[in-house]
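*Asks:* Just so we're aligned, residue 154 is where the sequence shown starts under our numbering, counting upward by one.
Every residue, glycine too, gets a C-beta built ideally from N, C-alpha and C.
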Amino acid sequence: QVQLVESGGGLVQAGGSLRPSCAASGSIFSSNRMGWYRQAPGNERELVATITSGGTTMYADSVKGRFTISRDNAKNTVYLQMNSVKPEDTAVYYCNVLIGLTHYWGQGTQVTVSS
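1. Taking just the CA atoms, how far does Val-155 sit from Ile-181?
2. Could you tell me the boundaries of the beta strand (DSSP E) in which Ala-177 lies?
3. Comparing C-alpha positions only, which one of Gly-163, Ser-183, Leu-157 sits nearest to Ala-244?
4. So, Ala-167 versus Val-231, is the Cβ gap smaller than 8 Å?
5. Evaluate Ile-204 with the Cβ neighbour count: other Cβ atoms within 10 Å of its Cβ, from every protein chain shown; 16 or more gives buried, anything less gives exposed.
6. Measuring CA to CA, which of Lys-239, Ile-222, Gly-208, Ala-227 is closest to Leu-200?
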């Protein structure tokens with residue numbers, strides 16, 4: 154069974170930092186690509202960042218240079234370090250794992266950036 158549990162969202166002022174985390178089932182973590190997506194009200198869900206099992210990362214243009222995705226295989230956890238946040242980063246952030254052609258999702262964690 155695939156389980157993803159996010160935590161670490163919250164309210165932060167513009168220019169500040171936040172680090173959501175996602176704990177994954179041990180059986181799926183080490184060999185699969187993990188990612189973070191976000192969805193703001195009225196918008197479609199969009200890719201934020203991904204990291205492969207080998208540590209290769211990819212970022213959306215809107216967060217490059219501000220966000221960093223990382224993983225701790227020993228803890229089965231993936232992180233999203235968010236720096237220099239902006240009000241437009243406000244959204245529900247979802248953890249994602251791609252297994253074959255199937256996407257699995259966590260329940261989401263709310264990030265709100267105040268101006």
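*Replies:* Reading it off the structure:
1. Note on geometry: alpha-carbon atoms of Ile-181 and Val-155 lie some 7 Å from one another.
2. 174-177
3. Comparing Cα-Cα distances from Ala-244 to each of Gly-163, Ser-183, Leu-157, the minimum goes to Gly-163.
4. no
5. Note on Ile-204: 16 or more other CB atoms within 10 angstroms of its CB, so buried under the neighbour-count rule.
6. Ile-222
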